[in-house]
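Visitor:
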Amino acid sequence: MSSLPLVNVLLSTYNGARYIQQQLDSLFAQTYSNMTIYIRDDGSTDNTLSLILPYLSRKGKKIILLGNEGNQNLGYMKSFWLLLKESGDADYYAFCDQDDVWLPNKVEAGVSALSKKDPSVPLLFSSSFDYCDENLNFTGKAPVLPTPVQLKDVLFYTPAFGFTILLNRTLRNIALSAPDLNGIPHDGWCQKIAAAFGEFLYDPTPLTKYRRSSASVTYAGSDRLRYVIKWLQNDVLGRGLNDYYFVITQFYKAYGKHLNPESRKLLRLFIQQPWSLPLYLKRLFFPKRLRPSWGGELALRLCFLLNK
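See the structure below:
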């Protein structure tokens, strides 16, 4: 029996046949040995499952395919929550996407950072990554996250992509204790818990190759104007901000009584509630940055101005 902390890697797949073997190979090439890969297929209609099955026979208990009765397609949110809930007990949990490639020391770096901290505190580790095209050719570096990450920084922005995250058992249990996780993205929720009650650790070293199609617009792209337009379309002209308000409200309902007074006051400002002039003015003139980019912050402030 290994003396190393156990890591459960949580991989949700859906029509991922094109890249799933490269991702699985990168997981089994990790320098960290004590890990189990849990896979849930979310109703694929291609040959994703047939490509996974040989790994089950070759790797034994190192890889476990969770059942999906009726071949249900639940969507990525419910699929990852099921993985987090139904995977076995572990010291740490890592979210994994089907089409990326992990560098060999990714898991080891996360465990090394988290193991230095108090395990009774909810902890989350995130690392940087490189943007790549379909053939894993480098196309750009991810922006460095501003640190420390505070609760205000995770209300209207999700600093860490899910595939970069490693969290401890304490955070996992707090996350799953919420009475209703429907419509809640797993990665943003866990980051809120770390920022509100524990610690958010960040390593600026790229530890993942993040595969994107050539048509995708990423944060690392050179067309900054299109990036700003995206924020404006989603938040100012669309209903994207409602999703943020919804998650903040659910977070407050789940954990509000456990928050310190300052955090409770912050969340009460942004939960879903009837309009009032004092509330409108407090949001409009909130004195601190809520998003790291000027484009994102501008879109958010316009939403406050327009009472969205």
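Numbering that gives the first Met the number 0 puts the first residue of the sequence shown at 0, with every later residue one more than the last. Glycine included, every Cβ here is placed at the ideal spot set by N, Cα and C.
Determine contact between the region 190-206 and the region 88-96, defined as no fewer than three beta-carbon pairs at a distance below 8 Å.
Guide: Counting Cβ pairs under 8 Å, fewer than three are found: no touch.
Visitor: Quick one: is P158 buried, meaning 16 or more other Cβ sit within 10 Å of its Cβ, or exposed?
Guide: To locate residue 158, count along the sequence shown from 1; it is residue 159. That one is buried.
Visitor: To the nearest angstrom, report how far apart I38 and I62 are at their CA atoms.
Guide: By one-based count along the sequence shown, residue 38 stands at place 39. By one-based count along the sequence shown, residue 62 stands at place 63. Straight-line Cα distance between these residues: approximately 8 Å.
Visitor: Three-state secondary structure (DSSP) at F285?
Guide: As a position in the sequence shown, residue 285 is number 286, starting the count at 1. Here F285 sits in coil by DSSP.
Visitor: Does the region 251-258 come into contact with the region 159-172, if we say contact requires no fewer than three beta-carbon pairs (one atom in each stretch) closer than 8 Å?
Guide: At 8 Å Cβ cutoff, the stretches do not touch.
Visitor: Could you have a look at P205 and say whether DSSP puts it in helix, strand or coil?
Guide: In the sequence shown, counting from the first residue as 1, residue 205 sits at position 206. Strand.
Visitor: Using CA atoms only, rank isn't needed, just tell me which of F155, R210, S126 is closest to G187.
Guide: Here residue 187 is taken as the residue at index 188 of the sequence shown, counted from 1. Of the listed residues, the one whose Cα sits closest to G187 is F155.
Visitor: Output needed for N46: all residues of its chain with C-beta closer than 7 Å, excluding positions within five of it in sequence on either side, in chain order.
Guide: Locating residue 46 in the sequence shown gives position 47, where the first residue counts as 1. The residues are A16.
Visitor: Are there three or more Cβ pairs, one per stretch, closer than 8 Å when the region 116-128 is compared with the region 164-184?
Guide: Yes, since at least three Cβ pairs between the region 116-128 and the region 164-184 fall closer than 8 Å, the two stretches touch.
Visitor: Which residue comes first and which comes last in the alpha helix (DSSP H) that contains Y37?
Guide: Locating residue 37 in the sequence shown gives position 38, counting from the first residue. That residue, Y37, is in no alpha helix (DSSP H); its beta strand (DSSP E) goes 34-40.
Visitor: Around the Cβ of S127, are there at least 16 other Cβ atoms within 10 angstroms (buried) or fewer (exposed)?
Guide: Within the sequence shown, numbered from 1, the residue matching residue 127 stands at position 128. The residue in question, S127, is buried, as its Cβ has 16 or more Cβ neighbours within 10 Å.
Visitor: Shortest alpha-carbon distance to S32 belongs to which of F196, P103, G295, E296?
Guide: As a working note, residue 32 is residue 33 in the sequence shown. Selected option, being the one with the closest Cα: P103.
Visitor: Let's test the definition: count the other Cβ atoms within 10 Å of the Cβ of S221 and tell me whether it reaches 16, buried, or not, exposed.
Guide: Taking the sequence shown and counting its residues from 1, the one referred to as residue 221 is at position 222. Low per-residue confidence applies at S221: pLDDT is 48, beneath 50, and the placement is therefore not dependable enough to give any value.
Visitor: Report the start-end ranges of each alpha helix (DSSP H) in the region 126-202 that is 4 residues or longer and not cut off at the edges.
Guide: Runs of the alpha helix (DSSP H) inside the region 126-202: 168-175, 185-196.
Visitor: Can you name, in chain order, every residue of its own chain whose Cβ lies under 7 Å from the Cβ of S215, other than the five neighbours on each side?
Guide: As a position in the sequence shown, residue 215 is number 216, starting the count at 1. The pLDDT assigned to S215 is 47, lower than 50, so where the model puts this residue is not dependable; a value taken from the coordinates is nonetheless given after this. Correct list: empty, nothing qualifies.
Visitor: Express the C-alpha separation of P178 and A89 in angstroms, rounding to a whole number.
Guide: By 1-based counting over the sequence shown, the position of residue 89 is 90. By 1-based counting over the sequence shown, the position of residue 178 is 179. Roughly 22 Å between the two C-alpha positions.
Visitor: According to DSSP, which residues form a beta bridge with S11?
Guide: Translated into the one-based positions of the sequence shown, residue 11 becomes position 12. BP columns for S11 point to R39.
Visitor: How many angstroms separate the CA atom of Y244 from the CA atom of I183?
Guide: Here residue 244 refers to the residue found at position 245 when the sequence shown is read from its first residue. Here residue 183 refers to the residue found at position 184 when the sequence shown is read from its first residue. Cα to Cα, Y244 sits roughly 11 Å from I183.
Visitor: Taking only three categories from DSSP, how would you classify A214?
Guide: To locate residue 214, count along the sequence shown from 1; it is residue 215. Here the model assigns A214 a pLDDT of 44, short of 50, so the residue's position is not dependable, and the following value carries that caveat. Coil.
Visitor: Report buried or exposed for G237, applying the criterion of at least 16 other Cβ atoms within 10 angstroms of its Cβ.
Guide: For the purposes of this step, residue 237 is taken as the residue at position 238 of the sequence shown. That one is exposed.
Visitor: Alpha carbon to alpha carbon, what distance is there between D41 and N67?
Guide: Looking up residue 67 in the sequence shown gives position 68. Looking up residue 41 in the sequence shown gives position 42. C-alpha separation (whole angstroms): 7 Å.
Visitor: With a CB to CB cut of under 6 Å and the five nearest residues on each side skipped, what residues in its chain are close to F79?
Guide: Looking up residue 79 in the sequence shown gives position 80. These residues qualify, in order along the chain: S11, H185.
Visitor: Would you check if there are 3 or more beta carbon pairs closer than 8 Å linking the region 188-195 to the region 103-115?
Guide: Segments in contact, no.
Visitor: When DSSP builds the beta bridges, which residues end up paired with Y91?
Guide: The residue labelled residue 91 in the question sits at position 92 within the sequence shown. The partner list for Y91 (beta bridge, DSSP) reads V6, N167.
Visitor: Return the chain-ordered list of same chain residues with a C-beta closer than 8 Å to the C-beta of V235, the five sequence neighbours on each side being excluded.
Guide: One-based indexing of the sequence shown puts residue 235 at position 236. Once the five neighbours on either side are set aside, the close Cβ partners of V235 are A298, L301, C302, L305, K307.
Visitor: Select from W293, Q149, I36 the residue whose C-alpha is nearest the C-alpha of E85.
Guide: Here residue 85 refers to the residue found at position 86 of the sequence shown. Here the closest residue by C-alpha is I36.
Visitor: Is the CB-CB distance between L258 and L266 below 8 Å?
Guide: Within the sequence shown, numbered from 1, the residue matching residue 258 stands at position 259. Within the sequence shown, numbered from 1, the residue matching residue 266 stands at position 267. Contact: yes.
Visitor: Over what stretch of residues does the beta strand (DSSP E) that includes I63 continue unbroken?
Guide: Numbered from its first residue, the sequence shown carries residue 63 at position 64. That run of the beta strand (DSSP E) goes 62-64.
Visitor: So, is F137 buried or exposed, given that buried needs 16 or more other C-beta atoms within 10 angstroms?
Guide: For the purposes of this step, residue 137 is taken as residue 138 along the sequence shown, with counting starting at 1. Classification of F137: exposed, given that the 10 Å Cβ count is below 16.
Visitor: Determine the closest residue to T44 out of A28, D24, N14, with distance taken between C-alpha atoms.
Guide: Taking the first residue of the sequence shown as position 1, residue 44 is located at position 45. Checking every option, the nearest Cα to that of T44 belongs to N14.
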